[in-house]
Every structure is written in C-alpha cells, then in structure tokens.
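Worksheet: the structure to be examined is printed underneath.
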Amino acid sequence: MQIMTESTNTADRTMKLSLIQVPFGLGAGRPGTEEGPESMMQIGLMRQLRKTAYEVASEHKVKVAAHPAAGAGEQGSLKYLAEVKEMGKLVAEQVSEEASKGHLPLVLGGDHSVTIGVLAGMAAQAGKLGVIYFDAHPGLQTEETNKAGRIGSMSLAVALGQAKLKLSELNRDVIEDAINKANVVLIGVRDVEPEERALILGEGITVFTMHEIDRMGIEKVISKAVEIAGNGTDGIHVSFSADCLDPIEAPGVDIQVPGGLTYREAHFACELLAETGLIRSIDVVEVNSKLDESRRTARLAIGLIASLLGKRIL
4 MQIMTESTNT
14 ADRTMKLSLI
24 QVPFGLGAGR
34 PGTEEGPESM
44 MQIGLMRQLR
54 KTAYEVASEH
64 KVKVAAHPAA
74 GAGEQGSLKY
84 LAEVKEMGKL
94 VAEQVSEEAS
104 KGHLPLVLGG
114 DHSVTIGVLA
124 GMAAQAGKLG
134 VIYFDAHPGL
144 QTEETNKAGR
154 IGSMSLAVAL
164 GQAKLKLSEL
174 NRDVIEDAIN
184 KANVVLIGVR
194 DVEPEERALI
204 LGEGITVFTM
214 HEIDRMGIEK
224 VISKAVEIAG
234 NGTDGIHVSF
244 SADCLDPIEA
254 PGVDIQVPGG
264 LTYREAHFAC
274 ELLAETGLIR
284 SIDVVEVNSK
294 LDESRRTARL
304 AIGLIASLLG
314 KRIL
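Listed below in structure tokens is the structure:
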C-alpha cells in the first residue's frame with residue numbers, strides 16, 4: 004500500500020474546482036468582510052489548494068458594489084437590498100455556469116449574504132441539494148424580524164422560502180424545492196434571536212448547537228449532519244462562516260461569540276466531510292480583515308478549505 008503525503012497526494016488530479024472571489028460586505032454590520040477574499044488569497048490559499056487532489060480549472064472575481072447607492076438603507080428597511088440582489092444575481096450566474104461544467108464552485112466571501120447567491124446558483128444545477136451551514140448565528144432572520152436590517156443574517160431564511168426575498172429573484176432557473184428544510188443542518192450555533200428559535204422549532208430545522216457538540220462530540224455531529232443533508236439529495240453545499248470558530252482561534256469576525264469550535268474540531272469536521280465525497284460546492288465567508296490579528300482568521304480559513312477538499316497530513 005502506498006502512503007500518500009501532502010507532496011504526493013496531488014499526483015492524480017481528476018477533480019476540478021472553480022475559485023470565485025466575491026469581495027462584498029454590504030450585508031454585514033461593519034466594514035472589512037469585503038476584504039476577506041483578498042486576505043485569504045494573500046495568505047496562501049493557492050499554495051494550500053495545490054496540496055489537495057483538486058485542480059483549479061478557473062478563477063473569477065465577481066464585480067460587485069463596493070459602496071452603497073445614494074439613499075440606500077433607509078431607517079426601517081433592509082440595508083442595501085438593491086446591491087445585495089445585484090450581487091446575488093452575478094454570483095448565481097457564475098456559480099451555475101461553473102457547476103454546469105462539473106467543477107466544484109469554491110466561493111470566497113464577503114459577508115454571509117454572498118451565500119444567497121451561491122445557493123441560487125447551485126439550486127439551478129444540483130437537483131436536490133443538502134446544506135450544512137457552519138455559523139454562530141442561524142441566518143434565519145426575515146424582513147419582519149431583522150431589526151438591524153443586515154441581509155447577511157437572512158441567508159438560510161431566503162434559501163428556505165421563509166423571507167420575502169426569494170432565490171428565484173436571483174436566478175430564474177432555480178429548481179423549485181431544490182433546497183428542502185429536511186436536508187438543512189446548522190452546526191456551531193450559539194447566538195439565536197427569539198424569532199429564529201421559534202422558526203427552528205416550528206419548522207423542525209436540524210440544529211447542532213455548541214451544547215450538542217460538547218455532549219455528542221464533533222465526529223458524531225458530522226455523521227448525523229451528513230446523514231440528514233445527504234438523504235435523498237444529489238450532493239451537499241457547505242457554507243462556512245468564520246464566526247462559527249471560537250474567537251480565541253479566529254478573532255477577525257464582525258460579531259465575536261465566545262465558545263465556538265476549536266481549531267481541531269473545525270479541521271476534523273472538514274476532514275470528515277471531505278471523506279464523504281458528497282461536497283458539491285463551498286462558500287467561506289465572514290473573514291473580516293480589518294478586525295483580524297496578524298491574519299490569523301484568514302490563515303485558519305484557508306487551512307479549513309484545504310481540509311474540506313481532502314488535504315491530509317499523511
């Protein structure tokens with residue numbers, strides 16, 4: 004038996020990915036997430052990708068609004084809705100095109116509103132799509148409950164049809180019911196609004212909070228998550244927000260919530276997901292370079308991407 008190492012496990016590259024940067028931060032609460040993609044690139048993402056079995060077939064940088072339009076974000080409304088929708092359409096188009104080629108879209112955000120565009124693109128290509136969503140927050144706020152008006156906190160609500168904003172507004176080719184609540188799993192949640200709690204319980208959405216991770220262990224949580232997200236689906240989208248990590252490990256995020264995933268828990272979770280062979284697309288979001296200390300969060304994020312793509316020590 005040949006032992007594969009980091010230097011030899013790329014010899015037979017049969018899988019291809021498309022790297023898509025989305026430098027968009029208007030769905031977040033603070034400036035800085037728009038610089039996340041560039042920060043991850045500068046800290047050595049391409050070097051990490053070369054240590055996986057994936058070949059980078061194409062690279063893209065989506066041209067998105069860096070500044071809000073005049074009059075955007077009035078009191079009592081969703082902030083920068085027009086800019087988010089335009090970004091979402093562009094991201095959905097790019098993701099859909101690359102997925103149609105059989106490439107795995109690897110999307111670097113940006114804030115979590117980027118995920119809406121990614122899911123709109125995948126929902127037009129992947130048939131039934133499971134979703135595993137790593138985040139400290141559920142992403143289930145709606146127009147009625149979103150007091151701060153930040154669309155980045157609505158990603159899953161939009162994907163599941165719980166918000167007025169629909170995936171079909173971003174991509175008319177979205178397959179109805181491509182993303183079903185029965186195949187959505189949240190991991191690492193520990194900061195939940197009362198309205199989100201009611202929605203989770205009322206709709207029966209699967210959530211593994213940090214309490215469950217502490218009690219069950221990350222290996223069993225991932226096993227259950229894959230079982231749920233992969234049940235009757237054609238693959239799994241992994242959305243990874245940097246704030247699912249403990250801020251001791253990853254300080255460069257908008258809202259630090261103590262008690263998140265440790266370095267090893269996160270890597271082990273990603274390694275286990277890679278072993279399933281079910282990952283069809285990935286987005287990594289909420290790396291805020293303005294709040295990052297010595298790019299620790301960006302460095303950890305690119306290591307986790309490599310683990311999701313199958314990188315191993317031996």
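Going by this note's numbering, the letters in the sequence shown line up with residues 4 to 317, in that order.
Here a beta-carbon is modelled for each residue, glycine too, at the ideal position from N, C-alpha and C.
Computed from a prediction, not measured in an experiment: that's the story for all the values here.
Residue(s) in a DSSP beta bridge with residue i
| i | result |
| --- | --- |
| residue 137 | 190 and 243 |
| residue 18 | 57 |
| residue 212 | 192 |
| residue 286 | 110 and 242 |
| residue 222 | Residue 222 is not bridged to any residue. |
| residue 23 | 63 and 110 |
| residue 264 | 248 |
Outcome for residue i when other beta-carbon atoms lying within 10 angstroms are tallied against a minimum of 16
| i | result |
| --- | --- |
| residue 82 | buried |
| residue 186 | buried |
| residue 132 | buried |
| residue 284 | buried |
| residue 78 | In this predicted model, residue 78 has a pLDDT of only 41, less than 50, meaning its place in the structure is not dependable enough to derive any value. |
| residue 214 | exposed |
| residue 40 | buried |
| residue 238 | buried |
| residue 282 | buried |
| residue 45 | exposed |
| residue 176 | exposed |
| residue 163 | buried |
| residue 1 | No statement about residue 1 is possible, as the shown extent of the chain runs from 4 to 317 and does not include it. |
| residue 204 | exposed |
| residue 220 | exposed |
| residue 71 | exposed |
| residue 302 | buried |
| residue 321 | Examination of residue 321 is not possible in this model, given that the chain is present from 4 through 317 alone. |
Close Cβ partners of residue i (< 7 Å) along its chain, the five nearest in sequence each way excluded
| i | result |
| --- | --- |
| residue 28 | 34, 35, 36, 37, 113 and 114 |
| residue 87 | 29, 30, 116 and 154 |
| residue 158 | 115, 116, 118, 119 and 142 |
| residue 104 | none |
Candidates the options, of which the one nearest residue i by Cα
| i | options | result |
| --- | --- | --- |
| residue 262 | 249, 305, 287 and 131 | 249 |
| residue 218 | 206, 266 and 191 | 191 |
| residue 189 | 170, 55, 174 and 227 | 227 |
| residue 144 | 123, 195 and 96 | 195 |
| residue 253 | 267, 95 and 160 | 267 |
| residue 108 | 286, 293, 270 and 307 | 286 |
| residue 142 | 240, 91, 126 and 166 | 166 |
| residue 102 | 118, 91, 111 and 128 | 128 |
| residue 180 | 69, 212, 65 and 130 | 130 |
| residue 161 | 269, 152, 222 and 119 | 119 |
| residue 235 | 182, 68 and 42 | 182 |
| residue 290 | 278, 304, 277 and 242 | 304 |
| residue 80 | 89, 152, 212 and 307 | 152 |
| residue 63 | 111, 71 and 85 | 111 |
| residue 212 | 264, 100 and 24 | 264 |
| residue 306 | 294, 124, 292 and 269 | 269 |
| residue 294 | 104, 26, 42 and 18 | 42 |
| residue 125 | 208, 174 and 18 | 174 |
| residue 243 | 137, 22 and 146 | 137 |
| residue 277 | 288, 310 and 260 | 310 |
| residue 178 | 288, 135, 123 and 146 | 123 |
Cutoff 6 Å; reference residue i; Cβ partners in own chain excluding five residues on either side
| i | result |
| --- | --- |
| residue 206 | 184 |
| residue 148 | 198 |
| residue 314 | 54 and 55 |
| residue 316 | none |
| residue 225 | 272 and 275 |
| residue 279 | 229 |
| residue 202 | 143 |
| residue 210 | 189, 192 and 203 |
| residue 231 | 188 and 209 |
Beta-carbon proximity list for residue i, same chain, < 8 Å, skipping 5 on both sides
| i | result |
| --- | --- |
| residue 327 | The displayed coordinates of the chain run from 4 to 317. Any statement about residue 327 would go beyond what the structure contains. |
| residue 49 | 59 |
| residue 20 | 52, 57, 58, 59, 60, 106, 107, 108, 109 and 312 |
| residue 222 | 271 and 275 |
| residue 299 | 252, 253, 254 and 255 |
| residue 89 | 67 and 68 |
Proximity test, Cβ basis, 9 Å: residue i and chain D
| i | result |
| --- | --- |
| residue 123 | Included in the structure is just one protein chain, with no chain D present. |
Discussion item. If contact is defined by three or more beta carbon pairs under 8 Å, each pair taking one atom from either stretch, is the region 93-110 in contact with the region 164-177?
Written reply: yes
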